[in-house]
Every structure is written in structure tokens, then in C-alpha cells.
Amino acid sequence: MRVENDHCDVIGVPAAPTQLDDLSSAILQQRGVARVALPGDVVAWAAGRHQTLRRMLSDQRFNKDWRQWRALQDGEIPEDHPLIGMCKVDNMATAHGADHRRLRGLLSSSFAPSRIALLAPRIEQRVDQLLAEMAQRGGSADLMCEFAVPLPTNVIAELFGLPDEQREEIVALTYSLASTSATAAEVRQTRQRIPEFFRRLIALKRRRLGDDLASALIVARDNGELVSDTELIDMLFMVLSAGFVTVAGVIGNGMLALLTHPQQLHLVRSGQVPWSQAIEEILRWGSSAANLPFRYATQDVEIDGCIVRRGDAVLMALHAANRDEKAFGPGADRFDVTRLHNPHLSFGEGPHSCLGAALARLELGCAFPALFGRLEDLALSIAAEDVVYMPSYVIRCPQSLPVTFRPSMPQRVRHSPRIH
Numbered sequence: 001m002r003v004e005n006d007h008c009d010v011i012g013v014p015a016a017p018t019q020l021d022d023l024s025s026a027i028l029q030q031r032g033v034a035r036v037a038l039p040g041d042v043v044a045w046a047a048g049r050h051q052t053l054r055r056m057l058s059d060q061r062f063n064k065d066w067r068q069w070r071a072l073q074d075g076e077i078p079e080d081h082p083l084i085g086m087c088k089v090d091n092m093a094t095a096h097g098a099d100h101r102r103l104r105g106l107l108s109s110s111f112a113p114s115r116i117a118l119l120a121p122r123i124e125q126r127v128d129q130l131l132a133e134m135a136q137r138g139g140s141a142d143l144m145c146e147f148a149v150p151l152p153t154n155v156i157a158e159l160f161g162l163p164d165e166q167r168e169e170i171v172a173l174t175y176s177l178a179s180t181s182a183t184a185a186e187v188r189q190t191r192q193r194i195p196e197f198f199r200r201l202i203a204l205k206r207r208r209l210g211d212d213l214a215s216a217l218i219v220a221r222d223n224g225e226l227v228s229d230t231e232l233i234d235m236l237f238m239v240l241s242a243g244f245v246t247v248a249g250v251i252g253n254g255m256l257a258l259l260t261h262p263q264q265l266h267l268v269r270s271g272q273v274p275w276s277q278a279i280e281e282i283l284r285w286g287s288s289a290a291n292l293p294f295r296y297a298t299q300d301v302e303i304d305g306c307i308v309r310r311g312d313a314v315l316m317a318l319h320a321a322n323r324d325e326k327a328f329g330p331g332a333d334r335f336d337v338t339r340l341h342n343p344h345l346s347f348g349e350g351p352h353s354c355l356g357a358a359l360a361r362l363e364l365g366c367a368f369p370a371l372f373g374r375l376e377d378l379a380l381s382i383a384a385e386d387v388v389y390m391p392s393y394v395i396r397c398p399q400s401l402p403v404t405f406r407p408s409m410p411q412r413v414r415h416s417p418r419i420h
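Quick note: the sequence shown, position 286, residue 286 per the numbering used here, numbers continuous.
Written out as C-alpha cells, the structure is:
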């Protein structure tokens with residue numbers, strides 16, 4: 001049955017939601033797609049039903065090329081809107097078809113699961129170092145700034161070839177770009193600083209190219225495999241930022257879930273549930289990629305009665321899809337490490353599925369067992385409802401996660417990663 005779009009409910013999305021559960025519940029009440037009003041008078045669709053989103057991720061009638069976005073082309077979206085920095089870029093995440101295959105091909109061998117598995121000893125070493133530093137500082141810490149962010153940042157920075165002294169700046173720029181509550185002035189400043197940062201980095205790397213991702217992409221630009229300096233800069237930023245921001249969020253969200261569900265934590269610590277299985281539930285429940293912009297309709301498409309017009313933007317509501325009862329059963333809204341059927345979409349699906357999924361699983365498989373093996377009596381030092389989240393409806397991530405603990409005897413806790 002076809003219906004007019006004015007019969008589809010419009011859901012307002014706050015710029016900086018304190019919790020995304022209410023938004024996801026509202027999206028899931030719709031049949032397939034929901035009409036959403038994003039901050040700054042941006043009207044779009046949200047695909048939150050698991051089946052609908054899963055199909056859309058492989059549907060050629062929707063692609064990620066921002067040039068398809070009718071509202072942007074018509075001048076309805078100002079250049080200083082917070083979404084522009086995430087959408088109006090030329091990298092693997094926004095490319096389509098042959099261009100996407102070309103760009104993904106430049107990175108695919110570096111992120112092959114067999115190659116990523118070789119990084120386990122180095123990641124374990126990083127985990128040990130961070131936990132030792134936390135223990136030396138005493139029995140309290142902020143897990144976000146002392147562990148969750150530094151671990152994936154240092155891992156991807158080493159693969160990337162980013163000097164130590166530049167890591168803090170790129171972390172700040174990434175979180176600034178991901179903030180959907182940023183002012184117009186802040187958006188303009190961030191969009192100016194990011195290319196400046198990478199121009200300096202490119203100049204530095206050209207003096208001594210190495211065996212790292214940044215050097216490989218610079219060589220690809222020199223060889224014509226990257227077609228412009230803009231494409232080079234956008235690819236460099238995508239690899240570096242995506243390499244840490246999502247994993248940091250999952251570590252934070254996962255720690256919060258485990259610390260507030262002690263019975264679930266006991267099942268894992270006692271060995272009744274393997275860490276690999278628990279981590280898949282953490283990825284479902286605590287995915288930091290909450291509502292990713294955008295897929296664009298290349299033609300009119302009817303979805304469960306609502307007509308998505310050519311040029312319309314569709315928000316990928318992963319947080320909602322991962323809580324869809326039709327996919328996960330009546331307990332979809334519960335954190336349950338015993339869950340065996342877990343087809344979460346936290347790494348996407350189809351041609352744009354996450355290239356770094358194996359690396360993320362390896363990092364998580366090193367991090368969680370070590371945190372609970374090395375830090376005894378680990379507990380939140382504030383109430384769970386007082387945890388402050390990043391001001392974004394795109395990324396779900398605690399800004400701070402203060403904890404108390406008692407350091408145990410130094411020993412390496414081996415991970416149990418699931419590598420695909």
C-alpha cells in the first residue's frame with residue numbers, strides 16, 4: 001500500500017541526546033523507515049528496522065555519494081552545518097561503485113584478518129603499558145582518557161605512521177568533527193584545521209616515507225591511484241579517525257554495561273561465557289556507531305508504505321537496528337552475554353562493511369579480559385545515570401568514565417579474539 005509521506009510521523013532528534021534509547025524506540029515504532037527532523041532543519045529518513053537497514057546496506061538504489069543529496073545540492077544545508085564535515089568528503093566511506101572499489105583496494109591488504117592477527121603481541125603490550133600506568137597513579141582513573149581512547153589511538157597511529165606529538169591533536173579534531181551540537185564557528189574552524197593538519201603531515205612524511213599506511217596513501221597519490229590532494233587528505237583522515245573513535249566508544253560503552261550488570265560480568269569472569277561471545281554482545285549493545293549519515297536514494301523507493309524520494313537522505317540507525325525484537329527476540333533491549341544468535345550490524349554489511357572489523361575485535365579481545373584481570377574490585381565511582389556522553393547523535397560514547405579499583409599482581413592476561 002502506497003501512502004503519502006505526510007502520513008509518516010516525524011521524529012525530532014536532539015543535537016546532543018543524553019541517551020539514545022528513546023530515539024531508537026521511536027524509530028522502531030515505525031514500520032520500516034521513520035521521518036526524522038535533525039538539528040538545523042535537516043529533514044531525512046532513518047532506517048532502524050534490522051531487516052530494512054540490512055537490505056538497504058546492499059541496495060544499489062541507495063549510495064553514499066553526497067552529490068546525490070538533493071537538499072545539499074539545492075543549498076538547503078549550510079556549509080557550516082555539523083553534518084557537512086562528516087558527509088561532504090571524498091573518501092572510501094562516501095565513494096560508490098568503481099571509485100569505492102579503487103579506494104578500498106588501496107587498504108584491503110593492510111586490514112586482512114591474517115595480517116591483523118599478527119598485531120596481537122603489540123596490542124597486548126600496549127594494554128599492559130596503559131594498565132601499569134593506571135596502577136601506578138593509584139586506585140582511581142578515568143577509563144576513557146586513560147585507557148579507552150589511548151589504546152586504539154596508539155594502535156592505529158603506529159600502523160598509520162603518525163608521530164607521537166601529533167596524536168593528541170587528531171583526537172581533538174576527530175571528536176570536534178563528530179559533535180552534532182557544534183556551533184557554526186566551531187564547524188568552520190574544525191573544517192579548516194583538518195586539512196591544515198594533514199598538509200603538514202604529508203610534507204613531513206614525504207621527507208622520509210616508511211612502511212606505514214600514510215606513506216602508502218601518499219605514494220598512491222603520486223602514482224595517480226588517488227585522483228586529487230583532497231581525496232588523499234580525506235582518505236588519511238578517514239583511516240586515522242575511524243581507526244580509534246569507534247573502538248574507544250565500544251570500550252567505554254562495554255565497560256559501562258559490564259559494571260552495571262554484575263551478573264552478566266560474573267558469567268564471563270567465571271568462564272561460563274567466553275569473552276569472544278560477550279564481546280559480540282558488547283558490540284551489539286554498546287556500538288558507538290549509533291546513527292550514521294547517510295545513504296541517498298538514487299530513485300524513488302517505497303519502503304513499507306513510505307516513499308523515499310530520489311535525492312532523499314537516509315540515516316543509518318544502527319543503535320535502533322541492534323535493538324529490533326524482530327531480529328533479536330523479545331529481550332532485544334537487554335544486555336545479555338549468553339546471546340547466541342547475534343546478527344548485529346555494528347560493522348555494517350555489504351560493500352561498505354567495516355574494513356577494520358578484525359582489528360576492532362582484536363583490540364576488544366585484548367582490552368576487556370585484561371581490564372578485569374588486572375584491576376580488582378573495579379567499579380564506577382559515579383552513578384550510571386550521571387555518566388556524560390559525547391554531544392552527538394551520530395557517535396554514542398561516554399566523555400568520561402571514572403572508576404575505582406585495586407591493582408592486582410602484574411601479569412599479562414591473554415585475549416581471546418574472534419578474527420574473521
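Glycine included, every Cβ here is placed at the ideal spot set by N, Cα and C.
By alpha-carbon distance to V89, the top candidate from E363, T260, M235 and D21 is M235. For D142, the beta-bridge partners assigned by DSSP are P402.
The straight-line gap separating the alpha-carbon atoms of A93 and H100 is approximately 8 Å. Here DSSP, grouped into helix, strand and coil, assigns G348 to coil. For G97, the uninterrupted alpha helix (DSSP H) segment begins and ends at G97 to G105. Distance check between L204 and each of P163, S179 and T183 places P163 closest, using alpha-carbon atoms only. Here the alpha carbons of R295 and R49 stand approximately 15 Å from one another. In this structure, N322 sits near S346, with a CB-CB distance shorter than 8 Å. Taking 8 Å as the cut-off, the Cβ atoms of A148 and G252 count as close.
By the Cβ-count criterion, R54 is buried, with 16 or more other Cβ atoms from all chains shown falling within 10 Å of its own Cβ. Within the region 122-185, the complete alpha helix (DSSP H) segments of 4 residues or longer fall at 150-160 and 167-178, listed in chain order. For D21, the uninterrupted alpha helix (DSSP H) run begins and ends at D21 to L28, by DSSP.
Inter-residue distance for A117 and A360 is about 11 Å (C-alpha atoms, whole angstroms). Collapsing the DSSP output to three states places D59 in coil. The alpha-carbon of S400 is positioned some 7 Å away from that of V387. Boundaries of the alpha helix (DSSP H) harbouring P369: A357 to R374, taken from the DSSP string. If the five residues before and after R126 are omitted, its C-beta is found closer than 7 Å to the C-beta atoms of L151, N154 and V155, all from its own chain and listed in chain order. DSSP, reduced to helix, strand and coil, places A112 outside both helices and strands of the structure shown, so it counts as coil.
For A383, there is no enclosing beta strand (DSSP E), since its DSSP letter is neither H nor E. A distance below 6 Å between beta-carbons, with the five flanking residues on each side excluded, links T230 to the following residues of its chain, in chain order: D90. When beta bridges are read from the DSSP output, V314 appears opposite W45 and R295. By the 16-neighbour rule on beta-carbons within 10 angstroms, P369 is buried.
At the C-beta level, V187 and G40 stay beyond 8 Å of one another.
When C-alpha distances from T298 are compared across G224, L315, Q29 and W69, the shortest belongs to W69.
Per DSSP, A34 lies in no alpha helix (DSSP H); the unbroken beta strand (DSSP E) holding it starts and ends at V33 to L38.
Within the same chain, no residue comes within 8 Å of P262 by CB-CB distance, once the 5 residues on both sides are set aside.
Secondary structure at D377: strand, using DSSP grouped into helix, strand and coil.
The C-beta of V43 has fewer than 16 other C-beta atoms within 10 Å across all chains shown, which makes the residue exposed. DSSP, read as helix, strand or coil, puts V247 in helix. For V10, the three-state secondary structure derived from DSSP is strand. Of all alpha-carbon atoms in A358, P330 and D142, the one lying nearest the alpha-carbon of V247 is that of A358. In the DSSP assignment, I279 falls outside any beta strand (DSSP E) and within the unbroken alpha helix (DSSP H) covering W275 to W285.
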